[in-house]
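In case it helps, my numbering puts the sequence shown at residues 8 to 414.
Data first, discussion second: the structure below is written as structure tokens.
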Amino acid sequence: QTQTQTQIKQQTKHKHKHKPNNKPNNKSNNKPNERHPPSHTSHNLIHLIMSFMSLVSSQVLRQSPTFVALSCLPHSRRSLHAIAAHQGALGVAKKVGVIGVPIDMGAGRRGVDMGPSAVRLAKINTRISELGYDVIDHGNISVTQKEERDIHDENARYWPYIEQVVTDLARQTEAMYTAGQFPLTLGGDHCVGAGSMAGVQRARKKLGLPPMGLLWFDAHTDMNTPETTPSGNLHGMPVAALLGMQVKGLSSCVGQDALFDPKRVAFIGIRDVDANESRNLADMGLTPGKNIFTMREIDELGMAEVMRRALYQVAPARGPFALSLDIDALDPEEAPGVGTPVPGGISYREAHLAMEIISDHGNLQAMDLVEVNPILDKQNQTARLGVELICSVLGKSILATQRDLTR
């Protein structure tokens, strides 16, 4: 002991000449080493555990293309805080990409080709910008006039020209999503849903992200095929194409890499279904109260419960999903300017509640607004309503949010 004490005194006296003695002794084993930080291995382990906990607690963040792209970089070169700052209220970046599709070849009535112009006239870009998003308006997909084209097939009218349009649209929404934008597609008739949704689904697959579910607001299920359609209008067939049924003019843009799982599809606002279309729904395993919510379910359960059930189906464990909103889901009293009006639809307040619930969910990846028909509208009432609903989806609420108060 005398020798040990002598050594300690000598080390203390001459510490400016000698490096500290890191060798532990029996007297100091139970005390933390205050002179030296944890080892490099321990530091890395703590850092790894903290990073893992951050990722697990950020389910929405993990779904975004931005995170996937940056996750390929070395950890020292990326910051979770920087990525989180790039996120909006939705499951995507704070940029909204707007694309118009002025097409009515898939519909039986003229006028919805002017829908994108009507929605822009209702100041869609300004309203979205006021919510704190960066808006990139990509203009319109090029569409030839209906009068210049032949029908080609009475069971799939104008299919070669529609095929070109939806294929162009799919490429556009894929590029927008890959660039970190939230794709917002303005129709046009509802055949555009095949292209817009296929493009985003394909982008997610290429980015290594899990597939989306699909929430379809409409008075109709759009589940006809050329074999079952009574009209031959392709705006009544996009969901069939997205689920893998063969639809001339639509299936080619979907392919096999952009299909949706029927188990993760839900319809809301349904009140007009063709007889053979009902058989297609049954064949795909789509059932009332689970995948199909007619106006009766909304009347009996209320919109909040319908949305809870629908989102449980399309976005289990708060997974990613897309929204395609045909404005004819609403009652014609609220939205008179639509391509195919059907009485007894969703009310103004029910529609906003549904959009607010979607916003609260936080993992919406893309959206369509279709079938606005200015010819049948009253002072652009329907387009303005469509803009209001888009704003509700993007986070506008009755009371100011904390973000609004701190601007």
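Just so you know, even glycine gets a beta-carbon here, dropped at the ideal spot from N, CA and C.
Using 10 angstroms around the beta-carbon of Q188, count the other beta-carbons present and answer buried if the total reaches 16, otherwise exposed.
Buried.
Regarding D225 and the ligand FAD, is the C-beta to nearest heavy atom distance less than 6 Å?
This structure does not include the ligand FAD; it has no bound ligands of any sort.
Whole-angstrom C-beta distance between S354 and E341, which should lie under 8 Å:
Indeed, because the Cβ distance is near 7 Å, the residues count as touching under 8 Å.
Based on Cα-Cα distance, which residue from D264, V379, H227 and T236 lies nearest to A205?
Considering only alpha carbons, the answer is D264.
Selection from G220, G139, V199 and N240 that minimises the alpha carbon distance to A324:
Residue G220 is the option with its Cα nearest to A324.
Is it true that the CB of P245 sits closer than 7 Å to the CB of L480?
The chain is shown only over 8 to 414; residue 480 falls outside these bounds and no answer can be derived.
Taking A226 and T347 to be in contact with their CB atoms under 8 Å, please state how far apart those CB atoms are, rounded to whole angstroms.
Going by Cβ atoms, the distance from A226 to T347 rounds to 7 Å, so yes, they are a contact pair.
State buried or exposed for A125, treating a residue as buried only when at least 16 other CB atoms are found within 10 Å of its CB.
Flag for A125 reads buried.
First and last residue of the uninterrupted beta strand (DSSP E) at Q386:
Run containing Q386: none; DSSP gives neither H nor E here.
K213, enclosing alpha helix (DSSP H) - first and last residue:
That run of the alpha helix (DSSP H) goes V199 to K213.
Put K270 into one of helix, strand or coil per three-state DSSP.
Helix, per DSSP.
So, with DSSP's three-state summary, where would you put K102?
Here K102 sits in strand by DSSP.
Other residues of its chain near P237: CB distance less than 7 Å, five sequence neighbours each side excluded
Cβ neighbours of P237 beyond the five flanking positions: D281.
How far does the beta strand (DSSP E) with P190 in it reach, from first residue to last?
Element bounds for P190: Q188 to G194.
CA-to-CA distance, I405 to S259, given in whole angstroms:
Taking the straight line joining both Cα atoms gives about 43 Å.
Flag this pair as touching only if the stretch 269-284 and the stretch 300-307 have three or more C-beta atom pairs under 8 Å; answer yes or no.
Yes, the stretch 269-284 touches the stretch 300-307.
V207 and Q372 look like a contact to me (Cβ under 8 Å); what is the Cβ gap, rounded to whole Å?
Distance from V207 to Q372 at the Cβ level is roughly 6 Å; contact confirmed, criterion being Cβ atoms closer than 8 Å.
Whole angstroms is fine: what's the gap from Q320's alpha carbon to R286's?
Rounded to whole angstroms, the gap between the alpha carbons of Q320 and R286 is 21 Å.
Locate the beta strand (DSSP E) running through L221, then write down its first and last residues.
Start and end: G220 to F224.
In chain order, what residues of the same chain have a beta carbon less than 7 Å from the beta carbon of A322, not counting five sequence neighbours either side?
Counting only Cβ-Cβ distances below 7 Å, and skipping sequence neighbours, we find G220, F328, H368 and N370.
Please state whether DSSP places A373 in a helix, a strand or coil.
In this structure, DSSP gives A373 an extended state, which the three-state scheme calls strand.
Count the other C-beta atoms from every protein chain shown that fall within 10 angstroms of the C-beta of C398, then say buried if there are 16 or more, exposed otherwise.
Within 10 angstroms of the beta-carbon of C398 lie 16 or more other beta-carbons, which makes it buried.
By a C-beta neighbour count over all protein chains shown, 10 Å radius and 16 as the cutoff for buried, is L401 buried or exposed?
Buried, by the Cβ-count rule.
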